[in-house]
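Student: In my numbering, the protein residues as written are 56 to 234.
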Amino acid sequence: RSVQPPIRPVARLVRHRSGNVVTTFALCAPLIIGLSGYVVDKAVWQAQRFALQDVADTASLVAARTLATDRSHSPEARVAAAQADAARTVFAARPDLTPSITVSRDGRTVTVGLVERGMVSFAGVFGAQPVDLAVTGQAIVDRNAETACRIDKSADHACRSTGSIANLAPPEPAVLMPF
56 RSVQPPIRPV ARLVRHRSGN VVTTFALCAP LIIGLSGYVV DKAVWQAQRF
106 ALQDVADTAS LVAARTLATD RSHSPEARVA AAQADAARTV FAARPDLTPS
156 ITVSRDGRTV TVGLVERGMV SFAGVFGAQP VDLAVTGQAI VDRNAETACR
206 IDKSADHACR STGSIANLAP PEPAVLMPF
C-alpha cells in the first residue's frame, strides 16, 4: 500500500462540503468569543472611567467652591481647606481611591487626579491584562464673580459657569454637578 500525500485529504475536504461549516465554526469560535469578551470588558472600562470622572469633577468643583468662599486670610489655609474638602468628597464616593489634588500658584485652578485599575472579566480568559484608568477633573474659580466652573476640554470655550457660589449646594459625591 502506498502512503497518500497530505494534500489529497485536504482536497477531498474542499470538494465535499458536508462538514465544512462545523470545521470553520470550530476554528473561528475562540476568536469570536475572545473578541466578544474584550468588547464587554471595554464597555465596563468606559463605565468605570465615566464614574471616576464624575468623582474627579465633583471633587474639583467642591475645592474651587471652598477656594472662593473660604474667608481665611492666609492663602495657604485656603488651599489646605480646599484640598481637604476635595479629599473628603473623593473619600465619601470612593473610599478605596487616593486622589492627587493640586492647586495652582495663583489659587484659581484646582486639579484632582484619580487612578483606578480596570476590571477584566471575560477577556482575562484569553490573557488580557487590566489597564489603569486615569482621569483628571479641573475647576477654576473667579473670586470677583464668586463662580466656580469645570474646565471642559471638549468644548469650544474653556469653561461654563455653574452660577453663584452662594447658590451651590454641597454636591453628592457620585453625581456630576450641572454646569
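Idealized CB from N, CA, C, for every residue including glycine.
From a predicted model like this one, the values you see are computed outputs, not experimental measurements.
If you run the structure through DSSP and keep just helix, strand and coil, what is D112?
Tutor: Three-state result, D112: helix.
Student: Does the region 103-113 come close enough to the region 126-138 to have 3 or more Cβ pairs within less than 8 Å?
Tutor: Touching, no.
Student: Would you decide whether Q237 is buried or exposed? Buried here means 16 or more other CB atoms lie within 10 Å of its CB.
Tutor: In this structure the chain extends from 56 to 234, so residue 237 is not present and cannot be described.
Student: For the beta strand (DSSP E) that contains V165, what are its first and last residues?
Tutor: Start and end: 164-172.
Student: Give the straight-line distance between the Cα atoms of V99 and A84, rounded to the nearest whole angstrom.
Tutor: Answer to the nearest angstrom: the Cα atoms are 23 Å apart.
Student: Per DSSP, which residues does V158 bridge with? Please list them.
Tutor: Its beta-bridge partners are V165.
Student: How long is the line joining the alpha carbons of G89 and S176, rounded to whole angstroms?
Tutor: Computed Cα separation, rounded: 11 Å.
Student: On the criterion of 16 or more Cβ atoms from any shown chain inside 10 Å, does Q101 qualify as buried, or is it exposed?
Tutor: With fewer than 16 other Cβ atoms within 10 Å, it is exposed.
Student: Return helix, strand or coil for G89, following the three-state DSSP convention.
Tutor: Looking at G89 - three-state DSSP - the assignment turns out to be helix.
Student: Per DSSP, what kind of secondary structure is A98 in: helix, strand or coil?
Tutor: Note: A98 maps to helix in three-state DSSP.
Student: Would you identify the three-state DSSP class for G192, choosing helix, strand or coil?
Tutor: In this structure, G192 counts as strand in the three-state DSSP scheme.
Student: Under three-state DSSP, which class holds D140?
Tutor: D140: helix per DSSP, three-state reduction.
Student: Only counting the same chain, and skipping five residues up and downstream in sequence, which positions put a Cβ closer than 6 Å to that of V236?
Tutor: As shown, the chain starts at 56 and ends at 234. That puts residue 236 outside it, with no answer to give.
Student: Given this structure, state the Cα-to-Cα distance separating A148 from L116, to the nearest angstrom.
Tutor: One C-alpha to the other measures close to 14 Å.
Student: Going by DSSP, name the residue or residues bridged to L187.
Tutor: It is worth fixing the name first, because residue 187 is Asp in this sequence and not Leu. According to DSSP, D187 bridges with R172.
Student: Apply the 10 Å Cβ neighbour rule to D112 and answer buried if 16 or more other Cβ atoms are within range, or exposed otherwise.
Tutor: It is buried - the Cβ of D112 has at least 16 other Cβ atoms within 10 Å.
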